[in-house]
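Chains as they are written, first to last, in my numbering: chain A, 281 to 705; chain B, 155 to 445.
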């Protein structure tokens, strides 16, 4: 679909573009004529790739708002290295388009770093591209373990948690509550879902549970009734879903609509897709951040976000916000915008007081796989009678690992990782 | 598979098929009368759901089933009267390009007006829960969808077969020249038919809203499926659209049982097979005006 659209846009545009060519050329020479001093004060540009269309489209809007708020905060404090920060956002759409947009950000906009990404498929493709171009990228939204393991790259860091971190968090709760028994898996049929299924299966097998069924559903599925009928017939004790985006909304709504009362848990949840489920929401999920987390920094930021955008931030707004600040911290630490120096600055970097990750404990990028170590939160759907407002759909059950425990316990162990970072140059 | 599970699969397939039928009927009467393949059908489906979302709190769910299709139908008539009408004598590709462009404008317009986040749309309270049919329990709301679609098909059939305008529509889709020679102006009828077709897309959108989330891309898959259904049924064929919609619903539903990974491909495989065996579709006829 997207391919076709490109073609149909290009045709009528061509005439328009040739008409503009002279104007653009004039503007180009004008810019070149600026003295070098002024050019040094050019803003620091950060590129953002985030989905605005398709089944992950709603997350993009939050991601953009979160990153924008981060950039505004930096500029209010005088920018980074005395230079203004500018955000350029592009639609990641699908892996092919995402790579093209990454090239555009690198070659045309000359961005210092790229952040964002939500689809694991796009993130893997863009990761290969930035490694070739030697430009820093911070993955703020893609979960596949692969991104930090088999296909990790020297120039790619992740502030987003990986599937292992998420599943360990929910697994922790499931084991404690003795919910490891007979599971049914329902999985999104793409990179993210497959990876999540693998991790969740390992968890189930390691705890001697039984898999009573497993289905793959294409992304963008609107009718889950057949899957739900199959689940009902298989009579599992728990439905474990590895779905993403709008599919989560549809599945959870239809699950309730079908009168299902079986326990549901998920490998991950995006609040942007849980909110529209409304009162029929049920289940337990791991989430990277929730706007009612009880830390002063979280509360303050959520309040600033509500003031700026008129609604509470979701987990993706948080992710992109953290990524923008991490890039700024790297630039400050390296006193440079050279990507190789930024990579060195971030390896083993602990987020500073300027923006510490809002979780009330120090968060550090592991040097050997570039994953930001951080706690996850297990949340449960809250009964509608206890809502303060329509955003109040979850209650936080526990922080995993508990405060005081090592953040390494839920991350991919070094012995199991296949990550081999490339040399810097 | 027990009998109850099988019955539920068939029912789920029927509901899925029923929504395809609504979409395909709209496409089909538009194509039959105007000779235009309305690419914007999926976007109008989405618009129908959003229109319902907008008015449901003020008017209640039942009213949205009337208000939304009327609004979208009027928009459809405006589109026909201002844009589409100019293209009838041009290359058919022009109509396709126009409606394709409209799809993008509508989808982006929806994003600008309502934002990118999905909107909550709960199953109306009167239809929550399940019906007990002997050993079988089935969702009240899905049963309501089935009933609504049956009533709409009956109403459309009566309109086409028993009313004077319906007679003009049927005659006009076979031989517009002859209708004109009889002194009947087709212009208002063309506008009406396009409006009617888009109103059907809107009703499908409203009926889907409580099940599938209301979000800007919700019409993409359904829109594509509707084209497949129309192609299988035979372009412009009324009963073809109905038979083929129900068939595709069953094929998709049962392939989820046996081979879920092939569910999305199954309707295309069915289309390929049917086109190989019968290029004009299941009930497609020879139409003089398209020869």
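Note that CB positions come from ideal geometry on N, CA and C, so glycine has one too.
So that I know if they touch, is there some Cβ in chain A lying closer than 7 Å to that of residue 256/B? By one-based count along the second chain, residue 256/B stands at place 102. No, because no Cβ of chain A sits closer than 7 Å to the Cβ of residue 256/B.
Between residue 192/B and chain A, is any beta-carbon pair separated by less than 7 Å? Here residue 192/B refers to the residue found at position 38 of the second chain. At a cut-off of 7 Å, the C-beta of residue 192/B has no neighbouring C-beta in chain A.
Just verifying my parser: in three-state terms, what is the DSSP assignment at residue 678/A? Against the first chain, residue 678/A aligns to sequence position 398. Strand at residue 678/A.
Close Cβ partners of residue 500/A (< 6 Å) along its chain, the five nearest in sequence each way excluded: The residue given as residue 500/A occupies position 220 in the first chain. Excluding sequence neighbours, residue 500/A sits near 335.
Please give the ranges of any alpha helix (DSSP H) in the stretch 494 to 560 of chain A, keeping only runs that are unbroken, at least 4 residues long and fully inside the region. List check, alpha helix (DSSP H) in window: 505 to 514, 526 to 537 and 551 to 554.
Could you spell out where the alpha helix (DSSP H) holding residue 174/B opens and where it closes? Position 20 of the second chain, counting from 1, holds the residue named residue 174/B. Per DSSP, residue 174/B belongs to the alpha helix (DSSP H) from 157 to 188.
Where residue 506/A meets chain B, residues with beta-carbon distance less than 7 Å: Reading the first chain from its first residue, position 226 is the one you call residue 506/A. Under the 7 Å cutoff, chain B gives 163, 166, 407, 410 and 411.
Going by CA-CA distance only, name the one from 575/A, 613/A, 597/A and 502/A that's closest to residue 585/A. Against the first chain, residue 585/A aligns to sequence position 305. If we check each option's Cα against that of residue 585/A, 597/A comes out closest.
Length-filtered (3 minimum) beta strand (DSSP E) runs lying within the stretch 577 to 622 of chain A: For secondary structure counted as the beta strand (DSSP E) over 3 or more consecutive residues, the stretch 577 to 622 of chain A holds no complete run.
Establish whether the CB of residue 496/A and some CB of chain B are separated by less than 7 Å. Against the first chain, residue 496/A aligns to sequence position 216. For residue 496/A, the answer is yes, since a Cβ of chain B falls inside 7 Å of its Cβ.
May I ask you to report which of helix, strand or coil DSSP gives residue 438/A? Locating residue 438/A in the first chain gives position 158, where the first residue counts as 1. DSSP, reduced to helix, strand and coil, places residue 438/A within a strand of the structure shown.
Could you tell me the boundaries of the beta strand (DSSP E) in which residue 396/A lies? Locating residue 396/A in the first chain gives position 116, where the first residue counts as 1. Element bounds for residue 396/A: 393 to 396.
How would you write the range of the alpha helix (DSSP H) that residue 417/A sits in, first residue to last? To locate residue 417/A, count along the first chain from 1; it is residue 137. Element bounds for residue 417/A: not the alpha helix (DSSP H) but the beta strand (DSSP E), 416 to 419.
Residues in the stretch 668 to 702 of chain A with C-beta within 7 Å of chain B's C-beta atoms, listed in sequence order? none
Taking only beta-carbon positions, decide if residue 159/B is within less than 7 Å of chain A. Locating residue 159/B in the second chain gives position 5, counting from the first residue. Cβ-Cβ to chain A under 7 Å: yes for residue 159/B.
Residue 371/A in three-state terms, based on DSSP: For the purposes of this step, residue 371/A is identified with residue 91 of the first chain, where counting begins at 1. Three-state result, residue 371/A: strand.
Using a Cβ-Cβ cut-off of 7 Å (strictly less than) and excluding sequence neighbours within five positions of residue 575/A, which residues of its own chain qualify? As a working note, residue 575/A is residue 295 in the first chain. Once the five neighbours on either side are set aside, the close Cβ partners of residue 575/A are 638, 639 and 640.
Count the CB pairs spanning the stretch 416 to 435 of chain A and the stretch 611 to 626 of chain A that are closer than 8 Å, and state whether there are at least three. yes
I need the straight-line Cα distance from residue 578/A to residue 571/A, nearest angstrom please. If you number the first chain from 1, residue 578/A lands on position 298. If you number the first chain from 1, residue 571/A lands on position 291. Each residue's alpha carbon lies about 7 Å from the other.
Report the neighbours of residue 425/B on chain A: residues whose CB is nearer than 8 Å to its CB, in chain order. Within the second chain, numbered from 1, the residue matching residue 425/B stands at position 271. Near residue 425/B there are no residues of chain A at all, since even the closest Cβ is about 17 Å away, more than 8 Å.
Let's see if you can read the secondary structure: which residues bound the beta strand (DSSP E) around residue 293/B? Residue mapping note: residue 293/B aligns to position 139 of the second chain, counting from 1. Segment 290 to 293, the beta strand (DSSP E) holding residue 293/B.
Assuming residue 411/A is part of the beta strand (DSSP E), what are its boundary residues? Locating residue 411/A in the first chain gives position 131, where the first residue counts as 1. From DSSP, residue 411/A is part of no beta strand (DSSP E) but of the alpha helix (DSSP H) over 400 to 413.
Which chain A residues are close to residue 397/B, counting only those with a beta carbon under 9 Å from its beta carbon? One-based indexing of the second chain puts residue 397/B at position 243. Under the 9 Å cutoff, chain A gives no residues; its nearest Cβ is about 20 Å from residue 397/B.
List the residues that DSSP assigns as beta-bridge partners of residue 565/A. In the first chain, counting from the first residue as 1, residue 565/A sits at position 285. In the DSSP output, where bridge partners are listed per residue, residue 565/A has 659/A.
Bounding residues of the alpha helix (DSSP H) (the contiguous stretch that carries residue 345/A): For the purposes of this step, residue 345/A is taken as the residue at position 65 of the first chain. Counting along the chain, the alpha helix (DSSP H) containing residue 345/A begins and ends at 337 to 356.
Taking the beta carbon of residue 200/B as the centre, do at least 16 other beta carbons fall within 10 Å, making it buried, or is it exposed? The residue given as residue 200/B occupies position 46 in the second chain. Buried is the label assigned to residue 200/B, since at least 16 other Cβ atoms lie within 10 Å of its Cβ.
Let me check one thing: in DSSP terms, what residues is residue 327/A bridge-paired to? Counted from its first residue, the first chain places residue 327/A at position 47. According to DSSP, residue 327/A bridges with 368/A and 394/A.
Cβ contact (3+ pairs, closer than 8 Å) linking the stretch 329 to 337 of chain B and the stretch 211 to 225 of chain B: no
Any residues in the stretch 228 to 256 of chain B with a beta carbon nearer than 9 Å to a beta carbon of chain A? Which ones, in chain order? 251, 254 and 255
Is residue 433/B close to chain A? Criterion is C-beta to C-beta, closer than 7 Å. Here residue 433/B refers to the residue found at position 279 of the second chain. It does not: the Cβ of residue 433/B has no partner Cβ on chain A nearer than 7 Å.
I want to see whether chain A comes within less than 7 Å of residue 418/B, judged by CB atoms only; does it? Residue numbering aside, residue 418/B sits at position 264 when the second chain is read from its first letter. Yes, residue 418/B counts as interfacial toward chain A.
Between residue 453/A and residue 312/B, what straight-line distance do the alpha-carbon atoms span, to the nearest angstrom? Locating residue 453/A in the first chain gives position 173, counting from the first residue. Locating residue 312/B in the second chain gives position 158, counting from the first residue. Straight-line Cα distance between these residues: approximately 59 Å.
Neighbourhood of residue 661/A by C-beta, 7 Å cutoff - its chain only, sequence neighbours within 5 removed: By 1-based counting over the first chain, the position of residue 661/A is 381. Contacts found: 561, 562, 563, 673 and 674.
Name the residue from 612/A, 437/A, 551/A and 687/A whose alpha carbon lies nearest to the alpha carbon of residue 676/A. The sequence position of residue 676/A within the first chain is 396, counting from 1. Measuring from the Cα of residue 676/A, the nearest candidate turns out to be 551/A.
Which residues does DSSP list as the beta-bridge partners of residue 491/A? Position 211 of the first chain, counted from the start, is the residue given in the question as residue 491/A. As DSSP reads the structure, residue 491/A sits in a beta bridge with 463/A.
Residue 307/A versus residue 370/B: straight-line alpha-carbon distance, rounded: Start at 1 with the first residue of the first chain, and residue 307/A comes out as number 27. Start at 1 with the first residue of the second chain, and residue 370/B comes out as number 216. Below a pLDDT of 50, predicted positions are generally treated as unreliable, and residue 307/A, at 43, falls in that range; no measurement from the model is reported.
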